[in-house]
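Number of protein chains: 2
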Amino acid sequence: MAESLYLGIDLGGTKIAAGVVSVGGEVRGFARAATPAREGVEVVVRAMAGVAREAARGAGVSVKRLAGGGVGAPGPIDSVAGLVVSSPNLPGWRDVALGRLLGRSLGLKLSLENDANLAGLAEYRFGAGRGCSPLYYLTVSTGIGGALLLDGKLVVGARGAAGEVGHLVLVPDGPLCGCGNRGCLEALASGTAVARRAREAVRRSVVSMLTERFAARPSRITAAVVADFARQGDPEAQRILAEAMEHLGRGVAGVVNLLNPERIVIGGGLSSLGPLLFDPVRRAVARYANDLASESVSVVEAELGSRSGLLGAAALAMP
Amino acid sequence: MAESLYLGIDLGGTKIAAGVVSVGGEVRGFARAATPAREGVEVVVRAMAGVAREAARGAGVSVKRLAGGGVGAPGPIDSVAGLVVSSPNLPGWRDVALGRLLGRSLGLKLSLENDANLAGLAEYRFGAGRGCSPLYYLTVSTGIGGALLLDGKLVVGARGAAGEVGHLVLVPDGPLCGCGNRGCLEALASGTAVARRAREAVRRSVVSMLTERFAARPSRITAAVVADFARQGDPEAQRILAEAMEHLGRGVAGVVNLLNPERIVIGGGLSSLGPLLFDPVRRAVARYANDLASESVSVVEAELGSRSGLLGAAALAMP
């Protein structure tokens, strides 16, 4: 009997990635392409189908022989109804039944989930959260998203929107967030927030290595730049990053109190900051979460990197 | 065949209550007594056994004929290990296997859970959260506690500590909390916090009806007093309460984002404030939670009052 293989497709605002994945998490075929984001739903679905078929060819199978599959997409997703409700990076998308549309085109039943939930599922199944329950997965990148798993099952909530901690308001009247409110965790501790604080400091001419280097082009500052300067000893970069990570830690401690997770896995671009992120977050958990909950949790870095989305999408269909 | 009946025992800092409960939530026998809190574990367990036997006599059955039972207690409880870890109201209690001790004395297997979790379970099974999933139960009283249920099962987490939102830090450097941190939800929005803010205003001689009436004895101010004065139109009482309930709403909105619950049930003393609590909390959920999650949740008052603890304790043992 042939091994069961699963299709995972990850739709991002800039690229589409697809993989054919074994039950053990091995990627047997992989393909990707740019997302034709401005060309509307139909063109994007056609491009996704093309990428999926290419991944299948890479694995030496036809899509129709696959045992099942899943699709991940960003933005608010009603995974109960199977709809991409809207998406900041996909103009004009409104209540798109992406799994069904793509599934029909490929002749394969596909479930739909948001990308952070899929990354969390992948980390549970193949990565840093293997076998942990409750597991909370947090992604810290341009935005902040999350996923909650109990006994390896995604907790999606009443409309598929569960898992999110990015818009927890942690500072009343804090910095403006993309959502329209102020002081959300995402506005305090995402990569975007860290870069913005550093640009503001440079524009205010705060004395620092950052200002010396970027006075003429503050818009080039990214969170990675701030981290580099912090490592080199720039006090202003250190201050900005420490403040952001203290906020992140308070948010994580809130999750620890509410869920008493066995493990918190942190992924996304900023998880590569290493101790600059994990030390303050672990300190905040020890300080702000109750003793029982903080003693029983480990906070670790994600293992699967940028393929976690498609791995999780494939895992959606696995038994 | 005789109807199955269950024992529920609720240990509080000041009183012990026990009930014999049917699967439908009817209390067939009830008893209570003061908690001999200062006399140590053994005396308290003996008193609890006495109250349980009295409740059984009231129902016309012997304890040994009951189908099962549960015990609720305040404070941090490791419900996975079955231990009262400690309790602010029960001096000297440390890792007490309360369910096993009392069960041995009564000849009945008893599970142990914290009181907020049991009130949440009772509201799911018999009250305002019937059949809802995810269900989040919040109790707002002298402290703030909570419980999370998925498909009617308590989510207790890795060590039985899940469900708590009272020590979510919502205002950095906010008012000091009993836990030692600052700006916890409990320090901002509990009955204790509301009364403390009002006393501070009176001591600062803020012009208000509250100050007129309580200048000579600010210590008599309770949250219920503040609510009365707010209803009578005192602007200072209204301001204090509105600010506290805005914080409560931000906390609840955080839970809504994280869990996408179908329903939030609010119990505890302050839930009787009615619109003074529910209006600002619902407004905050609409404002701070994401659209999918805020559209799919209803925020309602608990139905079971002070018997929810023993009802939930009995329900712990029900199939």
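Taken in order, these protein sequences are the chains called A and B.
Using the working numbering, you'd call the opening residue of the first sequence number 1 and step up by one each time.
Using the working numbering, you'd call the opening residue of the second sequence number 1001 and step up by one each time.
Glycine is no exception: its CB is placed at the ideal position from the N, C-alpha and C atoms.
What you are looking at is a predicted structure, and each value in this text was computed from that prediction instead of being measured.
(request) Determine, using beta carbons only, whether Arg1159 of chain B comes closer than 7 angstroms to chain A. (result) At a cut-off of 7 angstroms, the C-beta of Arg1159 of chain B has a neighbouring C-beta in chain A.
(request) Give, in chain order, every unbroken run of the beta strand (DSSP E) that is at least 3 residues long and sits entirely within the region 1029-1078 of chain B. (result) You should have 1068-1073.
(request) Return yes when the Cβ of Leu1310 of chain B is within less than 7 angstroms of the Cβ of Asp1010 of chain B, no when it is not. (result) A contact, by the Cβ cut-off of 7 angstroms.
(message) Measuring only the C-alpha atoms, how far is Val1027 of chain B from Val1043 of chain B?
(response) Cα to Cα, Val1027 of chain B sits roughly 26 angstroms from Val1043 of chain B.
(request) Give the C-beta separation of Pro175 of chain A and Ala187 of chain A to the nearest angstrom, bearing in mind that I take them to be a contact with Cβ-Cβ under 8 angstroms. (result) 5 angstroms between Cβ atoms; contact.
(request) Give a yes or no on whether the C-beta atoms belonging to Leu1112 of chain B and Leu1098 of chain B are separated by under 7 angstroms. (result) In this structure, the beta-carbon distance from Leu1112 of chain B to Leu1098 of chain B falls below 7 angstroms.
(request) Return the Cβ separation of Ala37 of chain A and Asn114 of chain A in integer angstroms, given the expectation that the two are a contact with Cβ distance under 8 angstroms. (result) At roughly 17 angstroms, the Cβ-Cβ gap does not stay under 8 angstroms, so Ala37 of chain A and Asn114 of chain A are not in contact.
(message) Taking beta-carbon pairs under 9 angstroms, can you tell me which members of the region 257-281 of chain A lie near chain B?
(response) Flagged, chain order: Asn257, Leu258, Leu259, Asn260, Pro261, Glu262, Arg263.
(message) Between Ser1296 of chain B and chain A, is the shortest Cβ-Cβ distance under 7 angstroms, so that the two count as touching?
(response) It does; some Cβ of chain A falls within 7 angstroms.
(message) With DSSP as the reference, identify every bridge partner of Cys184 of chain A, one or two as the case may be.
(response) According to DSSP, which records beta bridges pairwise, Cys184 of chain A is partnered with A:Val169.
(request) Taking C-beta pairs closer than 7 angstroms, name the residues in chain A that Asp1078 of chain B reaches, listed in chain order. (result) What Asp1078 of chain B touches in chain A: Leu292.
(request) Note down, in chain order, every chain A residue with its Cβ under 8 angstroms from the Cβ of Arg1287 of chain B. (result) Going along chain A in sequence order, the residues near Arg1287 of chain B (Cβ under 8 angstroms) are Asn181.
(message) Quick check: what's the CA-CA separation for Gly127 of chain A versus Leu138 of chain A?
(response) A straight line joining the alpha-carbon of Gly127 of chain A with that of Leu138 of chain A spans about 14 angstroms.
(request) Find the residues of chain B that neighbour Pro134 of chain A, judging by a C-beta separation of less than 8 angstroms, and give them in chain order. (result) Within chain B, the residues placing a beta-carbon under 8 angstroms from that of Pro134 of chain A are Val1155, Gly1157, Ala1158, Ala1162, ordered along the chain.
(request) Run down chain A in chain order and give the residues with a C-beta less than 7 angstroms from the C-beta of Gly1068 of chain B. (result) The contacting residues do not exist; Gly1068 of chain B stays about 24 angstroms from chain A at best.
(message) My assumption, with CB atoms under 8 angstroms, is that Ser86 of chain A sits in contact with Gly75 of chain A. Please give the rounded CB distance.
(response) Between Gly75 of chain A and Ser86 of chain A the Cβ distance is about 6 angstroms, and since that is below 8 angstroms, they are a contact.
(request) Out of B:Arg1231, B:Met1245, B:Gly1191, B:Val1207, state which residue places its alpha-carbon closest to the alpha-carbon of Ile1221 of chain B. (result) Considering only alpha carbons, the answer is B:Gly1191.
(message) Counting only beta-carbon separations shorter than 7 angstroms, does Leu1138 of chain B have a partner in chain A?
(response) It does not; no Cβ of chain A falls within 7 angstroms.
(message) Against chain A, does Arg1283 of chain B count as a neighbour if the rule is that its beta carbon must be under 7 angstroms from one of theirs?
(response) False, the Cβ-Cβ gap to chain A never drops below 7 angstroms.
(request) Specify, as a first and last residue, the run of the alpha helix (DSSP H) that Glu1123 of chain B falls within. (result) Unbroken alpha helix (DSSP H) run through Glu1123 of chain B: 1115-1126.
(message) Assess contact between the region 262-269 of chain A and the region 139-149 of chain A, defined as three or more Cβ pairs (one per stretch) separated by less than 8 angstroms. Is contact present?
(response) A contact exists between the region 262-269 of chain A and the region 139-149 of chain A.
(message) Let's test the definition: count the other Cβ atoms within 10 Å of the Cβ of Glu295 of chain A and tell me whether it reaches 16, buried, or not, exposed.
(response) Result: exposed.
(request) Taking Gly254 of chain A as the query, report the chain B residues whose CB atoms sit under 8 angstroms from its CB, ordered along the chain. (result) In chain order: Val1165, Leu1168, Val1169, Gly1254.
(request) Label Ser1219 of chain B either buried or exposed according to how many other C-beta atoms from any shown protein chain fall within 10 Å of its C-beta, with 16 as the threshold for buried. (result) Exposed, because fewer than 16 other Cβ atoms sit within 10 Å of the Cβ of Ser1219 of chain B.
(message) Can you tell me whether Leu102 of chain A is helix, strand or coil according to DSSP?
(response) DSSP, reduced to helix, strand and coil, places Leu102 of chain A within a helical segment of the structure shown.
(request) Establish whether the CB of Arg94 of chain A and some CB of chain B are separated by less than 7 angstroms. (result) Judged by the 7 angstroms Cβ criterion, Arg94 of chain A is not in contact with chain B.
(request) Excluding the 5 residues preceding and the 5 following Pro280 of chain A in the sequence, name in chain order all residues of the same chain whose CB lies nearer than 8 angstroms to its CB. (result) Same-chain partners within the cutoff: Ala242, Met245, Glu246, Leu248, Gly249.
(request) Please name the residue in A:Ser62, A:Val61, A:Arg100 whose C-alpha comes closest to that of Val80 of chain A. (result) Val80 of chain A has its Cα closest to that of A:Arg100, out of A:Ser62, A:Val61, A:Arg100.
(request) Decide if Pro1397 of chain B is buried, meaning its Cβ has at least 16 other Cβ atoms within 10 Å, or exposed. (result) As displayed, chain B neither begins before 1001 nor continues past 1319, which places residue 1397 of chain B out of reach and without an answer.
(message) Can you tell me whether Gly1107 of chain B is helix, strand or coil according to DSSP?
(response) Gly1107 of chain B falls in the coil class under three-state DSSP.
(message) Short of 8 angstroms in beta carbon distance, which residues of its chain neighbour Ile1292 of chain B, apart from the five on each side in sequence? Order them along the chain.
(response) Just to set this straight, residue 1292 of chain B is Leu in the shown sequence, not Ile. Taken in chain order, the residues that qualify are Asn1260.
(message) Run through chain B and tell me which residues come within less than 9 angstroms of Arg204 of chain A, C-beta to C-beta.
(response) At a beta-carbon threshold of 9 angstroms, none of the residues of chain B lie near Arg204 of chain A; the nearest stands roughly 21 angstroms away.
(request) Just the chain B side, please: which residues come within less than 9 angstroms of Val85 of chain A by C-beta, in chain order? (result) Those within 9 angstroms of Val85 of chain A in chain B are Asp1291, Leu1292.
(message) Any beta carbon of chain A sitting closer than 7 angstroms to that of Arg1250 of chain B?
(response) Chain A contact via Cβ: present.
(message) Does Arg966 of chain B come out as helix, strand or coil in the three-state DSSP assignment?
(response) Here chain B comprises residues numbered 1001 to 1319, so residue 966 of chain B is not present and cannot be evaluated.
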